[in-house]
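In order, the protein sequence lines correspond to chains A and U. Residues in the first sequence are numbered consecutively from 7, following this note's numbering. Residues in the second sequence are numbered consecutively from 4, following this note's numbering.
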Amino acid sequence: RKEVEQDPGPFNVPEGATVAFNCTYSNSASQSFFWYRQDCRKEPKLLMSVYSSGNEDGRFTAQLNRASQYISLLIRDSKLSDSATYLCVVNVASYGKLTFGQGTILTVHP
Amino acid sequence: DTEVTQTPKHLVMGMTNKKSLKCEQHMGHRAMYWYKQKAKKPPELMFVYSYEKLSINESVPSRFSPECPNSSLLNLHLHALQPEDSALYLCASSQDHVLTYEQYFGPGTRLTVT
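Written as structure tokens, this is what we have:
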């Protein structure tokens, strides 16, 4: 089983749609969780950290379920500029190594 | 905008060349990282520096040699690379490497080994 698993997609959605990405992780000792986005041929950029209480940043909502070892990202009112690869990232803080999922490709079309 | 800078943006080198990649961060972070990313794959950790000391080497071949001259700078010296080393090399930094801090990436150096 992979340490971090994501549905690779691709997800093709129209502008204005709501889309949800899911991610599972295998190491119960994982301590911190993030969503990054990566545009084609660019670096990963931090989208948001994910907390047990859930957190929201504008159109983006992230949830963490430690019991099920599951993380989600919800994007509401999708924009063309949301088209990117979304990386689920987990930190097992024993030495700070980030473990990346394979990424989920999102394309938002007019 | 990212506060981690990397130079050069692109590099083409032969298998007998020696070159260096440079990274600088302006956020006062004490941990810095080198990652390698191949097309359509997630980044893979290579090295971690914490408080200017190498703390993690993910079994990287010796043809890659990291150096941390001070808390803001990180270099990656390259020598006798192979074509399969062609990739995007990303530098990242975080406030600390032990605790659960976010990592911020530089724009990367796209390396082609001929």
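We treat Cβ as the ideally placed atom computed from N, Cα and C, and that holds for glycine. The model shown is predicted, which means the values in this text are computed figures rather than measured ones.
Less than 8 Å separates the beta-carbon of Thr-115 of chain U from that of Val-15 of chain U.
Residue state for Pro-116 of chain A is assigned as coil, using DSSP reduced to three classes. Bounds of the beta strand (DSSP E) holding Ser-23 of chain U are 21-28. Of all residues in the segment 104-115 of chain U, only Tyr-104, Glu-105, Gln-106, Tyr-107, Phe-108, Gly-109, Pro-110, Gly-111 and Arg-113 come within less than 9 Å of chain A when Cβ atoms are compared, listed by chain position. Boundaries of the beta strand (DSSP E) around Asn-73 of chain U: 67-73. Glu-61 of chain U and Gly-22 of chain A have their C-alpha atoms roughly 42 Å apart. With respect to chain A, the C-beta atom of Pro-45 of chain U has a partner C-beta closer than 8 Å.
The beta-bridge partner set that DSSP reports for His-82 of chain U consists of U:Lys-21.
Chain U has no Cβ within less than 8 Å of the Cβ of Gly-22 of chain A.
When the five nearest sequence neighbours on each side are left out, the beta carbons in the same chain lying within less than 8 Å of the beta carbon of Pro-116 of chain A are those of Pro-20, Glu-21 and Leu-86, in order along the chain.
Put simply, of U:Lys-39, U:Lys-43, U:Phe-67 and U:Leu-76 the residue whose alpha carbon is nearest the alpha carbon of Glu-55 of chain U is U:Leu-76. Of the candidates A:Asp-13, A:Val-96 and A:Gly-64, A:Val-96 places its Cα closest to the Cα of Arg-72 of chain A. Secondary structure note for Glu-62 of chain A: its beta strand (DSSP E) is the uninterrupted segment 61-63. Among the residues of the segment 52-82 of chain U, those with a Cβ less than 9 Å away from any Cβ of chain A are Ser-53, Ser-58, Ile-59 and Glu-61, in the order of the chain. With a threshold of 16 other beta carbon atoms within 10 Å, His-29 of chain U falls short and is exposed.
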